[in-house]
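Undergrad:
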Amino acid sequence: MKEVCVTQREPLESSEGSSRSAVQDELLECLQTVATCHDRSTTAESLTAGLPLEQGRLTPGVFPRAASRAGLSARLVKSRLVQLNPALFPVVLLLEPGRACVLLGLDLKARKARVIFPELGDAESEVALDGLESSYSGQAIYVRPRFHFDARGPEVNRQHSRHWFWGVIRENRKLYRDVIAGSVMINLFAVAMPLFVLNVYDRVVPNHATETLWVLAVGIFVVLCFDLALRLMRNAFVDLAASRADVKLSSSIMARVLGLRMEARPASTGSFAATLQSFESVRAFIGSATVVALVDLPFVLMFAAIIALIGPPLVIPVLVGIAFVLLYAMAAQGKLHELSETTWRVSAQRNATLVESVSQLETVKTLRAESRIQNTWEKASAYLSRTAAQLRLVSSSVSSVALWAQHSVAVCVIIIGVYQIIEGNLTQGGLIAAYLLSSRAMAPVSQAAALLAQYHQSATALQSLNGVMERPVERPEGKAFVSRPVIRGEIRFDKVSLRYPEQENEALRDVSLTIQAGEKVALLGRIGCGKTTLNKLVLGLYEPTAGAVMIDGVDLRQFDPIQLRRQIGYVPQDVSLFYGTLRDNIVAGGGSEGVDDEALLRAIKLSGLEGLVNGHPQGVDLPVGERGQALSGGQRQSVAVARALVNDPQILLLDEPTSSMDHTSEEAFKANLKSYARAKTMIVVTHRTSLLSLVDRIIVIDAGRVMADGPRDKVVEALRKGQIGRAR
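If you want it as structure tokens, here you go:
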């Protein structure tokens, strides 16, 4: 019997979580329990951040991905309760209906089981084994800790580390093993038809042996039936392996994209989207049934050997044809690679133009920029058309040459065979059998040559996707974060400098300042002086190139980004809304299951959206349109305010929060905010003097430097008298 593991985990409902729903995620709590048993420190948010939950709950299919974040490996198994391996306890049991518990141990003699039920917290319970079996679904999840290599364990060969693409393909090696086994049998069966013809012409016809004919016919028919079944199964296995890989690869690519650090963000959204869409060509290649032609290639030698046994001279055209096709295909590889890469780059550039134009269609029309964009589009389309035509020409030439070689080899085999028959070295049946085998030998070579163009397109796409997967992310694998579900709100910049990617000038230069918990501060300065950059650093969107940003005395880089941002309400200068309803946009960060109606209505009231919601027949479910186009600029800004306040954060970062509001709306917002934010840390970036009544302190920034910092009235007076200079 194992010792009871005493679990102390962060509850799903944190102390500030009055706005969170009471929905219990039993599977997630079981994962936290098992992680604690294996001395892994976790939080609910760090385990599930960014994962596709169903109704706010972890699912068995997503469980392994959540477990990997805690340094654990998980595997779903089907097994009877008494057949579970005790050496792998604790194990998560899936119960009926949709529930779960942690099994700590079994006493088969006493028919007892030690379990932890999530609804009972961390308390261990002893239950009857019969009762547990009655609710057991027959599925369990083994969870084991992964071995952690530290700096003392040098990497012998980085090539042996798991690749994001090939590692997933290797997971289906059992299926590909079956594909290879099926291909072996299919190629062996391929010999049956030539042998059938050879025997019919050489033995049955001359001797009028009809009984032998029927025996041979039944045998070949059985072989053909098995061949059909194996071909169908082989194609099904290839498709199954491709579909399994597709799900995992698509998920890992999307997770990587959403986890990118802002400094690693690509310059063009449209081009980046084209790169991600290029995965379709990779998926088509690995899922194509023609890939099995590569498995058939080694059997070309077997067919050639059989032809040589029938008549040695007959194999010469086959060998020459194979060599000719392979040499031509190899010669075309360089051009195919160049054209594939060029086509991909032009296509990505054209897609970038399309996305940029459609997303800013209103601006295009108001600036009368249709002509310039149309000209750019047509030039890219014309160049793409020429390049794609060249690619198709080279690709089709490889296929055409391979087909020509296949027919030419067949003709040469017949010519040589006729002379061999005249000389008495070959029978008529042997010639026909050699002809059939020559076609069977050349077919895999022709198919492999035809795959070259598709291969180069897929290889180019895979290379571009490798670049995406190698970009730095906010939550690198193996990194541990400090769990701080509640923060006080003290912010300190310690000699912070920041230079944005591909920028020569620093956005911030040696900034040092401290904002106490609960303090109200305004950031003033000219356009582009670094005010918004300060907010982005507090949010952890960027890492300083020098110095450190501290929250409650802890370096910001130690915080889990998801947990940190839940404590920060951010109103950006440029408001972006998602397609969907008003509710979806306000609770976008936590899902509708994570925010109850009371918190939602409170945020709506504070932001000034109460009139819009009450006056619309659909209320909070009113559609906002794509990018919020169904709302006015002021309403979109109010939505941004509502979603910043809905989780009741301790820190408020407001970047021009009323720039699109009218005077009445602004005054109502100020009154609501002043009462709401009494005990919260608040940083307001503004050019409106009317918002300065919300703060007690003003920091003036110019060219990335702090030029003035002090009480509101003193700094305002100094600004009025021109006593605050500019940075040099």
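Just so you know, the sequence shown maps onto residues 0 to 727 in numbering that gives the first Met the number 0. Quick reminder that beta carbons are idealized off the backbone N, C-alpha and C, glycines included.
Report the three-state DSSP secondary structure of residue 513 (helix, strand or coil).
TA: In the three-state reduction of the DSSP assignment, residue 513 falls in the strand class.
Undergrad: Going straight from the alpha carbon of residue 20 to that of residue 595, what length do you get?
TA: The predicted model places residue 20 with a pLDDT of 40, which falls under 50 and marks its position as unreliable, so this point remains unresolved.
Undergrad: Can you tell me whether DSSP reads residue 247 as helix, strand or coil?
TA: Residue 247: helix per DSSP, three-state reduction.
Undergrad: Given 8 Å as the limit, is there contact between the region 291-302 and the region 383-391, that is, 3 or more CB pairs closer than that?
TA: no
Undergrad: From what residue to what residue does the alpha helix (DSSP H) around residue 46 run?
TA: 43-47
Undergrad: Go through its chain and collect everything with a Cβ distance to residue 131's Cβ below 6 Å, but skip five positions before and after it.
TA: 112
Undergrad: Residue 420 by DSSP, collapsed to three states: which one?
TA: helix
Undergrad: Using the Cα positions of residue 93 and residue 136, report the straight-line distance between them to the nearest angstrom.
TA: 6 Å
Undergrad: With C-beta atoms as the reference, is residue 255 less than 9 Å away from residue 343?
TA: Going by C-beta atoms, residue 255 is not nearer than 9 Å to residue 343.
Undergrad: Compare the C-alpha of residue 125 against each of 140, 345, 109, 133 and name the closest.
TA: 109
Undergrad: How is residue 473 classed by DSSP in three states: helix, strand or coil?
TA: coil
Undergrad: Could you tell me the alpha carbon to alpha carbon distance between residue 475 and residue 549, rounded to whole angstroms?
TA: Rounded to whole angstroms, the gap between the alpha carbons of residue 475 and residue 549 is 20 Å.
Undergrad: Measuring straight from C-alpha to C-alpha, what distance separates residue 203 and residue 319?
TA: Cα to Cα, the separation comes out at about 34 Å.
Undergrad: Have a look at residue 592 and residue 39 and give me their C-alpha separation to the nearest angstrom.
TA: Caution applies to residue 592, whose pLDDT of 47 falls short of 50 and renders its modelled position unreliable; the value that the coordinates give is listed next. Roughly 27 Å separates the two Cα atoms.
Undergrad: Under a three-way DSSP split, which group does residue 541 fall into?
TA: Under the three-state reduction of DSSP, residue 541 is assigned to coil, being neither helix nor strand.
Undergrad: Taking the Cβ atom as the reference point for each residue, do residue 46 and residue 27 lie within a distance shorter than 9 Å?
TA: yes
Undergrad: Closer than 6 Å by C-beta to residue 324: which residues in its own chain qualify, once you throw out the five before and the five after it? Chain order, please.
TA: 401, 404, 444, 448
Undergrad: Across which residues does DSSP place residue 549 in a beta bridge pair?
TA: DSSP output for residue 549 lists 491, 554 as bridge partner(s).
Undergrad: When you compare only the Cα positions, how much space is there between residue 345 and residue 694?
TA: 51 Å
Undergrad: Would residue 350 be called buried (16 or more neighbouring beta carbons within 10 Å of its own) or exposed?
TA: buried
Undergrad: For the structure I just gave you, are there three or more beta carbon pairs, one from the region 675-686 and one from the region 516-535, closer than 8 Å?
TA: yes
Undergrad: Could you check what DSSP says for residue 105 in three-state terms: helix, strand or coil?
TA: It is a strand residue.
Undergrad: Only counting the same chain, and skipping five residues up and downstream in sequence, which positions put a Cβ closer than 8 Å to that of residue 157?
TA: For residue 157, the predicted structure reports a pLDDT of 49, less than 50, and the residue's modelled location is therefore unreliable. The matter cannot be settled from this model.
Undergrad: May I ask which residues mark the beginning and end of the beta strand (DSSP E) holding residue 140?
TA: Membership of residue 140 in the beta strand (DSSP E) is indicated by the continuous run 135-144.
Undergrad: Could you name the residues that DSSP lists as bridge partners for residue 616?
TA: According to DSSP, residue 616 bridges with nothing at all.
Undergrad: Between the C-alpha atoms of residue 721 and residue 656, what's the straight-line distance to the nearest angstrom?
TA: When rounded, the separation of the alpha-carbon atoms in residue 721 and residue 656 is 27 Å.
Undergrad: Under 8 Å, with one C-beta from each stretch per pair, do the region 479-490 and the region 501-515 reach the 3-pair mark?
TA: yes
Undergrad: Is the beta carbon of residue 616 sitting closer than 9 Å to the one on residue 579?
TA: Contact flag unset, no.
Undergrad: What three-state label does DSSP hand residue 126 in the structure shown?
TA: strand
Undergrad: Once DSSP output is grouped into helix, strand and coil, what is the label at residue 682?
TA: It is a strand residue.
Undergrad: Return the bridge partner residues of residue 259 from the DSSP annotation.
TA: 472
Undergrad: Apart from the five residues on each side of it in sequence, which residues of its chain come closer than 6 Å, Cβ to Cβ, to residue 500?
TA: 262
Undergrad: Measure from the alpha carbon of residue 703 to the alpha carbon of each residue in 528, 552, 671, then state which is nearest.
TA: 528
Undergrad: What's the C-alpha gap between residue 712 and residue 634?
TA: 32 Å
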